[in-house]
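Chemist: Quick one: structure below, then a few questions.
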Amino acid sequence: MTRFIHDQFAKGYLLEILSLKGEVKTSLDIIGEKQEADVYFVPFSQPQPNATPLGLLEKITTTTCVFEPFRNAVTPTEIRSCIEKICVLCAKVKKKADRENRSLAEGELPVLWILTPTFSPNIISKLNAVSVAKDYVRGVYSLGEILQTKIIAIHQLPKIPETIWLRMLGKGRVQQQAIGEFRQLSLDDELKANVLELIYDLFVRLEANRELEREDRELIMELSPLYQQRLEAATQRGLQRGINQGVQQGLQRGKRLLIENFLRFRFGQLDEELSAIIEPLLEIPPEEIPPLLMEYSREELIDRLRK
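As numbered in the working numbering, residues 103 to 409 make up the sequence shown, in order.
Structure, rendered in structure tokens:
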């Protein structure tokens, strides 16, 4: 379950940050048996003015590429599946060029980037993977030019500003540190808000899952301040919208909106029983709401707040 949650986060995250650099598609069908490329990226022909620099991620997206992010260490079977996808995709691109009577250089074929938190020496040896740190940074490997496949071991990447965007897709402490660094960056307000929104959604979905790994629990602790910020921001937005109708009304509107959204994310839908506890939640101080919603089950919340 947590793998699916992080797959969705990775797709949404890459879609958000790469959309200013080129055309991005997620879950692209490439094989008849319903196999999909997680993220397919085609860079714009001309760089967009004032686009946010993405460091190493920007360097590897100067050509058409496919991203396959993995929450846990990629396995030999998964690597073979990814290579199958890129081979089929390259064949399709070549056939399309032939139909259009257009020559196609090897450098124009899409490149597969497998993103894995760790990459064991045993698998590296069996793949004959070669470090290409001299062209990129430590932690980047190539399977050879013909296979059009490279692998990034996220936890091997140096902890420098240029790798923040990729380290955000790591696990445990690596991801925690990257999120902390990201929050300190001076970025376009909309982009930063959208990425933090994705992280917030990741937090909500992880919290809703009952079988969390230790790394996920640590991540929740890291993301808890983001939830508090979101609550305060929503409260302030509600306050501003409600200024003409009274300060208290605006304040309550912001709190209500966030509480409703959190309940939907955590429990799937806002039914009659959950709707009935919104008013009692509105009476609770904002700083007490996050731990209450995170620690209590549906039944415990209903039982406590209906009394």
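All C-beta atoms, glycine included, are put in the ideal place defined by N, C-alpha and C. Note that the coordinates shown come from a computational prediction; the quantities given were computed from them, not determined experimentally.
For serine 399, is the classification buried or exposed, using 16 other Cβ atoms within 10 angstroms of its Cβ as the cut-off for buried?
Modeler: The residue is exposed, with fewer than 16 neighbouring Cβ atoms inside 10 Å.
Chemist: Less than 9 Å between the C-beta atoms of isoleucine 162 and lysine 252, yes or no?
Modeler: Yes; because the gap between Cβ atoms is below 9 Å, this pair is in contact.
Chemist: Provide the residue(s) that pair with alanine 139 in DSSP beta bridges, ordered along the chain.
Modeler: Alanine 139 is bridged to Leu130.
Chemist: To the nearest angstrom, how far is it from the Cα of cysteine 192 to the Cα of leucine 158?
Modeler: Using only the alpha carbons, I get a separation of about 24 Å.
Chemist: Indicate the three-state DSSP secondary structure (helix, strand or coil) for leucine 120 in the structure shown.
Modeler: Here leucine 120 sits in helix by DSSP.
Chemist: Measuring CB to CB, does valine 213 end up less than 9 Å from valine 168?
Modeler: For valine 213 and valine 168, yes; Cβs fall inside 9 Å.
Chemist: Quick check: the stretch 174-181 against the stretch 197-206, are there 3 or more CB pairs under 8 Å?
Modeler: Short answer: they don't touch.
Chemist: Here's the rule I'm using: 16 or more other beta-carbon atoms within 10 Å means buried, otherwise exposed. How should phenylalanine 172 be labelled?
Modeler: Per the 10 Å Cβ criterion, buried.
Chemist: Please work out which residues of its chain come closer than 7 Å, Cβ to Cβ, to isoleucine 225, disregarding the five sequence neighbours upstream and downstream, and give them in chain order.
Modeler: Counting only Cβ-Cβ distances below 7 Å, and skipping sequence neighbours, we find Pro178.
Chemist: Count the other CB atoms within 10 Å of the CB of glutamine 287; is the residue buried (16 or more) or exposed (fewer)?
Modeler: First, the amino acid is wrong: residue 287 is leucine here, not glutamine. Classification of leucine 287: exposed, given that the 10 Å Cβ count is below 16.
Chemist: Smallest Cα separation from leucine 403: which of Lys127, Ser377, Asn363, Leu259?
Modeler: Among Lys127, Ser377, Asn363, Leu259, the Cα nearest to that of leucine 403 belongs to Ser377.
Chemist: Determine whether the beta carbon atoms of leucine 249 and cysteine 189 lie at a separation below 9 Å.
Modeler: Going by C-beta atoms, leucine 249 is nearer than 9 Å to cysteine 189.
Chemist: Once DSSP output is grouped into helix, strand and coil, what is the label at alanine 175?
Modeler: Three-state DSSP puts alanine 175 in coil, outside helix and strand.
Chemist: Three or more C-beta pairs under 8 Å: does that hold for the stretch 116-131 against the stretch 226-235?
Modeler: Counting Cβ pairs under 8 Å, fewer than three are found: no touch.
Chemist: So within the stretch 228-315, which uninterrupted beta strand (DSSP E) runs reach at least 3 residues, ignoring any that extend past its ends?
Modeler: DSSP runs (the beta strand (DSSP E)) wholly in the stretch 228-315: 242-244, 251-255.
Chemist: For phenylalanine 364, does the count of other Cβ atoms within 10 angstroms reach 16, so buried, or fall short, so exposed?
Modeler: Flag for phenylalanine 364 reads buried.
Chemist: Under a Cβ-count criterion, where at least 16 other Cβ atoms within 10 Å of its own Cβ denotes burial, should arginine 408 be classed as buried or exposed?
Modeler: Exposed: under 16 other Cβ atoms inside 10 Å.
Chemist: To the nearest angstrom, how far is the alpha carbon of aspartate 140 from that of serine 129?
Modeler: Their backbone Cα atoms lie some 5 Å apart in a straight line.
Chemist: Starting from alanine 217 and walking both ways along the beta strand (DSSP E), at which residues does that stretch end?
Modeler: Looking at the sequence itself, residue 217 is leucine, so the reference to alanine does not match. Looking at the DSSP string, the run of the beta strand (DSSP E) that includes leucine 217 is 213-218.
Chemist: Could you give the C-beta distance for leucine 259 and threonine 154, rounded to a whole number, given that I count them as a contact under 8 Å?
Modeler: Not a contact, Cβ separation roughly 19 Å.
Chemist: Please determine, among His108, Gln110, Tyr115, Ile107, the residue with the shortest C-alpha to C-alpha distance to alanine 295.
Modeler: Out of His108, Gln110, Tyr115, Ile107, Tyr115 has the C-alpha closest to the C-alpha of alanine 295.
Chemist: Could you tell me which residues DSSP pairs with proline 387 in its beta bridges?
Modeler: DSSP lists no partner for proline 387.
Chemist: Straight-line CA distance for threonine 165 to arginine 182?
Modeler: Rounded to the nearest angstrom, the two C-alpha atoms are 23 Å apart.
Chemist: Are there 16 or more other CB atoms within 10 angstroms of the CB of lysine 261, so buried, or fewer, so exposed?
Modeler: So lysine 261 counts as exposed.
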